[in-house]
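First up is the structure itself, then whatever we jot down about it.
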Amino acid sequence: MASPAPLERNAMTADGAHPLVETRNLVKTYVLGGETIRAVNGVSLTIGHGEYVAIMGASGSGKSTFMNMIGCLDVPSKGTVLIDGIETGDMSTDALAGLRNRKIGFVFQQFNLLARTTSIDNVAVPLIYAGLDTATRRERATAKLIDMGLGERLMNTPAKLSGGQQQRVAIARALVTEPLILLADEPTGALDTKTSEDIMAIFEELNASGITVIVVTHEDEIAQHAKRRIEFRDGEVIEDVAVENRIIAQPREQGV
Amino acid sequence: MATNAPETMSSLSPKRNVLASWGVNVAIAFTALRTNLMRSLLTMLGVMIGVFAVTLAVAVGNGAAEAVTDSVNRFGSNMAFVIPRPDDNQEFGPPRRTRERGRLTERDLRAIENEVPNIRAVAPQLREAIEIQVAGGSTTTQAVGSTPGYGVVTSQLAQRGRYITDSDVGSAARVVVLGETVVESLFGEIDPVGQKVRLNDVPFIVIGILEAKGSTFGDDGDDTIVIPISTMRQRFVGDQLAGPYDLQFAFVAFQEGVPLDKGKDDIVKVMKARYRVKEGEVTPFTVRTTKEFVEQTNQITGILQAVLVSIASISLLVGGIGIMNIMLVSVTERTREIGLRMALGARKSDIRNQFLVEAAVLCTLGGTVGLILAWSVGLALSNYADFPVPVGLGTALGAVIFSAIIGLTFGGWPAVRASRLSPIEALRTE
Numbered sequence: 001m002a003s004p005a006p007l008e009r010n011a012m013t014a015d016g017a018h019p020l021v022e023t024r025n026l027v028k029t030y031v032l033g034g035e036t037i038r039a040v041n042g043v044s045l046t047i048g049h050g051e052y053v054a055i056m057g058a059s060g061s062g063k064s065t066f067m068n069m070i071g072c073l074d075v076p077s078k079g080t081v082l083i084d085g086i087e088t089g090d091m092s093t094d095a096l097a098g099l100r101n102r103k104i105g106f107v108f109q110q111f112n113l114l115a116r117t118t119s120i121d122n123v124a125v126p127l128i129y130a131g132l133d134t135a136t137r138r139e140r141a142t143a144k145l146i147d148m149g150l151g152e153r154l155m156n157t158p159a160k161l162s163g164g165q166q167q168r169v170a171i172a173r174a175l176v177t178e179p180l181i182l183l184a185d186e187p188t189g190a191l192d193t194k195t196s197e198d199i200m201a202i203f204e205e206l207n208a209s210g211i212t213v214i215v216v217t218h219e220d221e222i223a224q225h226a227k228r229r230i231e232f233r234d235g236e237v238i239e240d241v242a243v244e245n246r247i248i249a250q251p252r253e254q255g256v
Numbered sequence: 001m002a003t004n005a006p007e008t009m010s011s012l013s014p015k016r017n018v019l020a021s022w023g024v025n026v027a028i029a030f031t032a033l034r035t036n037l038m039r040s041l042l043t044m045l046g047v048m049i050g051v052f053a054v055t056l057a058v059a060v061g062n063g064a065a066e067a068v069t070d071s072v073n074r075f076g077s078n079m080a081f082v083i084p085r086p087d088d089n090q091e092f093g094p095p096r097r098t099r100e101r102g103r104l105t106e107r108d109l110r111a112i113e114n115e116v117p118n119i120r121a122v123a124p125q126l127r128e129a130i131e132i133q134v135a136g137g138s139t140t141t142q143a144v145g146s147t148p149g150y151g152v153v154t155s156q157l158a159q160r161g162r163y164i165t166d167s168d169v170g171s172a173a174r175v176v177v178l179g180e181t182v183v184e185s186l187f188g189e190i191d192p193v194g195q196k197v198r199l200n201d202v203p204f205i206v207i208g209i210l211e212a213k214g215s216t217f218g219d220d221g222d223d224t225i226v227i228p229i230s231t232m233r234q235r236f237v238g239d240q241l242a243g244p245y246d247l248q249f250a251f252v253a254f255q256e257g258v259p260l261d262k263g264k265d266d267i268v269k270v271m272k273a274r275y276r277v278k279e280g281e282v283t284p285f286t287v288r289t290t291k292e293f294v295e296q297t298n299q300i301t302g303i304l305q306a307v308l309v310s311i312a313s314i315s316l317l318v319g320g321i322g323i324m325n326i327m328l329v330s331v332t333e334r335t336r337e338i339g340l341r342m343a344l345g346a347r348k349s350d351i352r353n354q355f356l357v358e359a360a361v362l363c364t365l366g367g368t369v370g371l372i373l374a375w376s377v378g379l380a381l382s383n384y385a386d387f388p389v390p391v392g393l394g395t396a397l398g399a400v401i402f403s404a405i406i407g408l409t410f411g412g413w414p415a416v417r418a419s420r421l422s423p424i425e426a427l428r429t430e
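Taken in order, these protein sequences are the chains called A and B. The letter at position 217 of the first sequence is residue 217 when you use the working numbering, and the numbering goes up by one with no holes. The letter at position 323 of the second sequence is residue 323 when you use the working numbering, and the numbering goes up by one with no holes.
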């Protein structure tokens, strides 16, 4: 099969002239029971093109809130997020939806696949919102699923797939719009060790191909795969270091 | 950096294939309906009953109006009736004088025929219920005593044998033309033309059979006989009349295209002159036209239809509320899916449209079934109950479009609610 033409916008923006993700004094507060909680308390950092970052922290440390904000799913209370040099603070919800669609791929702990929907149709969902026609959607979704080693599982619904397979469908879905960033929130949280290793191998490969990978995790072992490690506590970054003694996940035989 | 931001932004929103996303929405809608099949069917049932009721109400009203127009057309559409009865329908008239009686004679009718322009035919009438006797039995029917003009005015001449003629009228001949219903009940398969019959014990010769008229609203146009008006007067009704030339009724048919209001005015003018009716006095006769009759009847059937449709609309409203209810449930159940779709790039309008399409699909399916049911019942009523209930193309299209609008209206609020969810809140929902 001829590989589908890449989406045109990447040619315009992937120039690497500015950091891919930049936060400036990012604050998120919640009011809970009359008390104001600062979930993220003034975080400024940059993540460059091609980085592989693990965001660590205990639950309640603010790491997920931070991730939701750089994923443009949540709006900061104060401060700004720039994605690929674009200020997101004054963007409309529709413009943010477009930004998520084109630049960010999400992978969730619970996979979040649509039930009773085939792998192809699940992977093709972001392409609907990118405005592509049915034939192109199917073509690109199929290509991504084959890349993920799921060529035999194109027409399976999630119920007919193992956890590892489901997460690979989810990764195919995250990558199908050729995003610049892969944002994974506890991607191995629902998987066994062996399968987790497979997923980390895929991330390794993706990062090698130039995609920026940001993994939110509370597991040291998973964080050990990344090149950079940012640790949160009480809404602030307490550590931001290069990972020493990285674990390089080895791809296993596909087709679990 | 700030200067090139708008340019970069626009690159994020390339032209989207609108049709493709609507197609996807329809597919999503059908998947959702299949997933909750029983629930969807029950919701559709509400809309189905509503559309069924409204469509049938509209059709019944249209059928009534159609029947009126139809019966008038069959009878002859461009016609005035003259009745020997004081016109108590006159506006602003003084109270009727108590002993005043209605007047209409053959001479009046002749004057009308001579003085009013554009008349096609006139038909004086005397009517009486008469028993027809043959060797094998008897039947009672409405006998009309008239002139050859009656056949022209009512467009019901003889299909076999002949109609009454001027010479029959001149000689008060004992001849009769029978309607088909009368023929069937008295003669069966035997040809009645030339046979002898007795009308209230007076011997008559059957000279012809009337063209079939069919029936309207259960009123059989073939259960009638026609005899010369002179014969009717001499043999049957003469002693009931006030004068030797009095009529009970007269039809005046105008040429096609002659305005009936003008024709009526002309008749009234001639009659007023003959009876020396002064300005403001009640006339001893009444003139009505088919146009007035149709207008009055349509007004009544229009009110009837409006009442029926209003009542039926309540069931459609209830069906619509059912749609809203189920759409709210659907949105709540699928909050997480909504969050996911938003994370993957769905805009507010994408989410809104998805649920609007789902509601519209529910309604349109229900509405289509309701329409088919109404159409079937209408067809059955038209065929077996002898009452036209036409579900026309306009009614059908209207019903389907209306049910889609119901879907969009009642599905609108749940859909907008869904589209306003915050992506992160929606994703966090269990």
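Each residue gets a CB set at the ideal place from its N, CA and C atoms; glycine is no exception.
Verify the CB distance criterion: does residue i have a CB-CB separation below 8 Å to chain B?
i, result
"glycine 98 (chain A)", "yes"
"proline 126 (chain A)", "yes"
"alanine 39 (chain A)", "no"
"asparagine 68 (chain A)", "yes"
"tyrosine 30 (chain A)", "no"
"asparagine 101 (chain A)", "yes"
Please list, in chain order, the chain A residues whose beta carbon lies closer than 8 Å to that of residue i.
i, result
"proline 388 (chain B)", "Going along chain A, no residue has its Cβ under 8 Å from proline 388 (chain B), so there is no contact; the nearest lies around 47 Å."
Distance cutoff 8 Å, beta carbons only. Does residue i sit that close to anything in chain A?
i, result
"threonine 31 (chain B)", "yes"
"arginine 341 (chain B)", "yes"
"threonine 35 (chain B)", "yes"
"valine 416 (chain B)", "no"
"leucine 317 (chain B)", "no"
"leucine 308 (chain B)", "no"
"leucine 427 (chain B)", "yes"
So, with DSSP's three-state summary, where would you put residue i?
i, result
"proline 124 (chain B)", "strand"
"arginine 235 (chain B)", "helix"
"lysine 28 (chain A)", "strand"
"glutamine 133 (chain B)", "strand"
"threonine 117 (chain A)", "coil"
"asparagine 383 (chain B)", "helix"
"glutamine 165 (chain A)", "helix"
"threonine 147 (chain B)", "coil"
"leucine 82 (chain A)", "strand"
"leucine 154 (chain A)", "coil"
"proline 74 (chain A)", "The question names proline, yet the displayed sequence has aspartate at residue 74 (chain A). Correct three-state label for aspartate 74 (chain A): coil."
Name the chain A residues that come within less than 7 Å of residue i, Cβ to Cβ?
i, result
"proline 423 (chain B)", "Leu73"
"valine 24 (chain B)", "Ile128"
Strictly below 8 Å CB to CB, what residues from chain B border residue i?
i, result
"leucine 114 (chain A)", "Glu337 and Leu340"
"threonine 93 (chain A)", "Arg347 and Lys348"
"leucine 106 (chain A)", "For the sequence presented, residue 106 (chain A) should be read as phenylalanine rather than leucine. What phenylalanine 106 (chain A) touches in chain B: Ala343 and Leu344."
From the DSSP output, which residues share a beta bridge with residue i?
i, result
"threonine 212 (chain A)", "A:Ile181"
"phenylalanine 106 (chain A)", "A:Leu183"
"tyrosine 52 (chain A)", "A:Val213"
"methionine 327 (chain B)", "Methionine 327 (chain B) is not bridged to any residue."
"alanine 124 (chain A)", "According to DSSP, which records beta bridges pairwise, alanine 124 (chain A) is partnered with nothing at all."
"lysine 196 (chain B)", "B:Ile205"
Chain A partners of residue i, CB-CB under 9 Å?
i, result
"leucine 328 (chain B)", "Within 9 Å Cβ-Cβ: nothing; leucine 328 (chain B) doesn't reach chain A, min ~21 Å."
inquiry  = Taking beta-carbon pairs under 9 Å, can you tell me which members of the region 41-54 of chain A lie near chain B?
reply    = Residues passing the 9 Å Cβ filter: none.
message = Counting only Cβ-Cβ distances shorter than 8 Å, please list the residues of the region 343-354 of chain B near chain A, keeping chain order.
response = Ala343, Leu344, Gly345, Ala346, Arg347, Lys348, Ser349 and Asp350
ask   = In the region 352-381 of chain B, which residues sit with their C-beta less than 8 Å from some C-beta in chain A, listed in chain order?
value = So nothing in the stretch comes that close.
request  = Note down, in chain order, all residues in the region 44-70 of chain B with a beta-carbon under 8 Å from any beta-carbon belonging to chain A.
outcome  = none
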